[in-house]
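Written out below as C-alpha cells is the structure these notes cover.
2 protein chains.
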Amino acid sequence: MKTHSVREQLLEHTLVLIRRRGFNGFSYRDLAELVGVKTSSIHYYFPSKDDLVLEAVREYSARTKERIHGIDASLPPAEQARQYLAPLRAGVGTGQACLVAMLCADVLDLPESIRQVMRDYVRMNEQWLARLFERAQPLRSTPYPVPPEQLAKVVYGALQNSMISGRLFDTSERLEAAAALLTGVIPA
Amino acid sequence: MKTHSVREQLLEHTLVLIRRRGFNGFSYRDLAELVGVKTSSIHYYFPSKDDLVLEAVREYSARTKERIHGIDASLPPAEQARQYLAPLRAGVGTGQACLVAMLCADVLDLPESIRQVMRDYVRMNEQWLARLFERAQPLRSTPYPVPPEQLAKVVYGALQNSMISGRLFDTSERLEAAAALLTGVIPA
DNA sequence: GTCTATAAGGCGATAGAC
DNA sequence: GTCTATCGCCTTATAGAC
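First to last, the protein sequences are chains A and B. Residue 37 in my numbering sits at position 24 of the first sequence; the count goes up by one each step and never skips. Residue 165 in my numbering sits at position 152 of the second sequence; the count goes up by one each step and never skips.
Here it is as C-alpha cells:
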C-alpha cells in the first residue's frame with residue numbers, strides 16, 4: 014500500500030480542483046474534505062491560497078516539462094505529435110482542462126509570482142510545437158500558411174480552448190479538430 | 014443626456030464584470046456599487062445570480078448575432094474576416110475576453126439553461142466561419158489542410174483562447190497569430 | 001503536525017417598511 | 001422600486017491547546 018505525505022495529497026487534489034473549477038471555484042474546505050484533514054492543517058503547509066496555487070502551478074509545469082522533453086526528437090514529427098496529444102486525449106470526459114488555461118480566466122485575481130510561472134508554461138509548449146513545425150517544414154511540398162512560431166501559437170491556443178469548451182459540449186470534436194490540423198500540416 | 018433604466022445599467026455592467034472576472038469572480042456587491050444601488054435592488058430585477066447571468070448571455074449572444082449577420086456576405090472573404098475580427102482587436106488591453114469563453118471556465122457551476130445559450134453562441138460563430146471558408150475554398154489553388162468545419166473550430170478556439178491569455182501576456186501576438194491564419198488561408 | 005475555536009468579512013438571498 | 005435590516009452560510013486566515 015503506497016503512502017503519500019499529507020503535503021503530496023494536498024498538492025495532488027489541488028491540481029484536480031483547479032483543473033475542474035478554477036481558482037475562484039474551489040475552497041480550503043473542499044480540499045480539506047478530499048484529503049481528510051481540517052482546513053487549518055492546510056495553512057500549516059501552505060500559509061495562503063496563493064502559496065498553494067503557486068506550488069500547484071510549479072508542480073504541473075515541472076511534470077509537463079519532463080513529459081514533452083521526454084519525447085524523442087528523432088522520431089517522425091507525426092509520431093511526436095501523437096505523443097504530445099496523448100494525455101490531452103486521456104483527459105476527455107474527466108471534466109479537467111489544462112491547469113494554466115483555467116487559471117488564465119482568473120488571472121486578474123492572481124499575483125505576479127503565479128503569472129510568471131504561467132507565462133513560462135505557455136511559452137514552453139508553444140516553443141516545443143514551433144520546433145516540431147520547423148523540423149517538419151523541409152518535408153513539406155508547400156510552405157505553411159503562416160510561419161511555424163505563429164502556427165504553434167494558433168494550434169496551442171486551439172488545444173487549450175478545446176479542453177475548456179469540451180466540458181460544455183459532450184464531445185471531443187474541438188480537440189480532434191485541433192489535433193487534425195496539427196497532424197494535417199505535418200507530413201506522414 | 015442619455016438615460017438608461019436601472020435594469021439596462023445592471024445588464025451592461027454585468028457584461029463587463031463577467032468578461033473580466035468570470036462567474037465566480039464578481040458579486041452582487043461589485044455590481045451594486047458600479048450602478049449605485051443596493052444589492053437588494055438587483056434581486057428585484059434578477060431574483061437569482063443565475064437569472065442575471067442567463068440574461069447577460071442572451072444579450073451578449075443577441076448582439077453578436079446581429080453583428081455577424083450584418084456582415085455583407087457578398088464582400089470579398091478577406092474583408093468579411095477583417096470585419097469579424099474588428100471588435101476582437103478593439104477589446105485588446107481592456108482586460109475583457111469573450112463572455113462565453115469566460116463562463117466556459119466556470120461551466121461546472123452553471124445550470125443547463127445557461128449552458129444551452131452558450132452552446133448556441135459557440136455554434137453560431139463556428140458556423141459563420143465555416144461558411145466563410147466554404148465560400149473561399151473555390152478561390153484557392155490547393156485544398157485546406159482540414160475541412161472547412163474543422164478549420165472553423167480551430168480558428169474560433171484559437172481566437173477565444175487568445176482573448177483569455179491576452180491578459181496574461183501584455184501583447185496581442187496570439188490574437189494576431191490566429192487572425193493571420195484566418196486571413197492566410199483566404200485568397201486576397 | 002493536527003486539532004478546536006474563532007475571528008473578520010464576503011456571499012446570495014429574503015422580509016418588510018416606505 | 002428602492003431601501004434597511006438581517007439571515008444562514010461560506011470564505012481565508014490565525015491563536016493556541018495537545
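Glycine included, every Cβ here is placed at the ideal spot set by N, Cα and C. In this text, all values refer to a predicted model and were calculated from it rather than measured experimentally.
Self-check item: Nearest to Q150(A) (by Cα), restricted to the options S18(A), Y73(A) and V198(A)
Solution: Reading the first sequence from its first residue, position 137 is the one you call residue 150(A). When the alpha-carbon of Q150(A) is set against those of S18(A), Y73(A) and V198(A), the nearest one is in V198(A).
Practice problem: Please classify G106(B): is it buried, with 16 or more other beta-carbons within 10 angstroms of its beta-carbon, or exposed? | Solution: Reading the second sequence from its first residue, position 93 is the one you call residue 106(B). It counts as exposed.
Quiz prompt | Q22(A) in three-state terms, based on DSSP | solution = By 1-based counting over the first sequence, the position of residue 22(A) is 9. Helix.
Self-check item: chain B contacts from the segment 80-114 of chain A (Cβ-Cβ distance under 7 Å)
Solution: Correct list: G108.
Practice problem: Closer than 8 Å by beta-carbon distance: list the chain B residues that pair up with L186(A), in chain order. | Solution: In the first sequence, residue 186(A) corresponds to position 173, counting from 1. It is Glu, not Leu, that sits at residue 186(A) in the sequence shown. Residues of chain B with a Cβ closer than 8 Å to the Cβ of E186(A) are, in chain order, K166.
Quiz item: Under a Cβ-count criterion, where at least 16 other Cβ atoms within 10 Å of its own Cβ denotes burial, should A171(B) be classed as buried or exposed?
Solution: If you number the second sequence from 1, residue 171(B) lands on position 158. With 16 or more Cβ atoms within 10 Å of its Cβ, A171(B) is classed as buried.
Exercise. Taking C-beta pairs closer than 7 Å, name the residues in chain B that P158(A) reaches, listed in chain order.
Key: Numbered from its first residue, the first sequence carries residue 158(A) at position 145. Ordered by position in chain B, the residues that pass the 7 Å Cβ test against P158(A) are L194, G197 and V198.
Quiz item: Listing by chain order, which chain A residues have their CB less than 7 Å from the CB of L152(B)?
Solution: Mapped onto the second sequence, residue 152(B) falls at position 139. Under a criterion of Cβ atoms nearer than 7 Å, no residue of chain A is adjacent to L152(B); the nearest Cβ is some 14 Å distant.
Quiz item: Does the Cβ of Q109(B) lie closer than 6 Å to at least one heavy atom of the ligand ZN?
Solution: The ligand ZN is absent from the structure shown, which contains no ligands of any kind.
Practice problem: Identify whether D119(A) lies in helix, strand or coil by the three-state DSSP scheme. | Solution: For the purposes of this step, residue 119(A) is taken as the residue at position 106 of the first sequence. Coil.
Exercise. Tell me whether P60(A) sits in a helix, a strand or coil according to DSSP, three-state version.
Key: For this step, residue 60(A) is matched to residue 47 along the first sequence. Coil at P60(A), not helix or strand.
Self-check item: Contact list for D119(B) against chain A, beta-carbon separation under 9 Å
Solution: Within the second sequence, residue 119(B) is the residue found at index 106, counting from 1. Among the residues of chain A, those whose CB is under 9 Å from the CB of D119(B) are R34, G35, N37, G38 and A118, following chain order.
Exercise. Count the other C-beta atoms from every protein chain shown that fall within 10 angstroms of the C-beta of D119(A), then say buried if there are 16 or more, exposed otherwise.
Key: As a first step, residue 119(A) must be located in the first sequence, where it is residue number 106. D119(A) counts as buried, since at least 16 other C-beta atoms from the protein chains shown sit within 10 angstroms of its C-beta.
Quiz item: DSSP state of R180(A), grouped into three classes?
Solution: What you label residue 180(A) is simply residue 167 of the first sequence in a count that begins at 1. DSSP places R180(A) in the coil class of the three-state scheme, outside both helix and strand.
Quiz item: Would you say the segment 141-157 of chain B touches the segment 174-192 of chain B, given that touching needs at least three Cβ pairs under 8 Å?
Solution: No contact exists between the segment 141-157 of chain B and the segment 174-192 of chain B.
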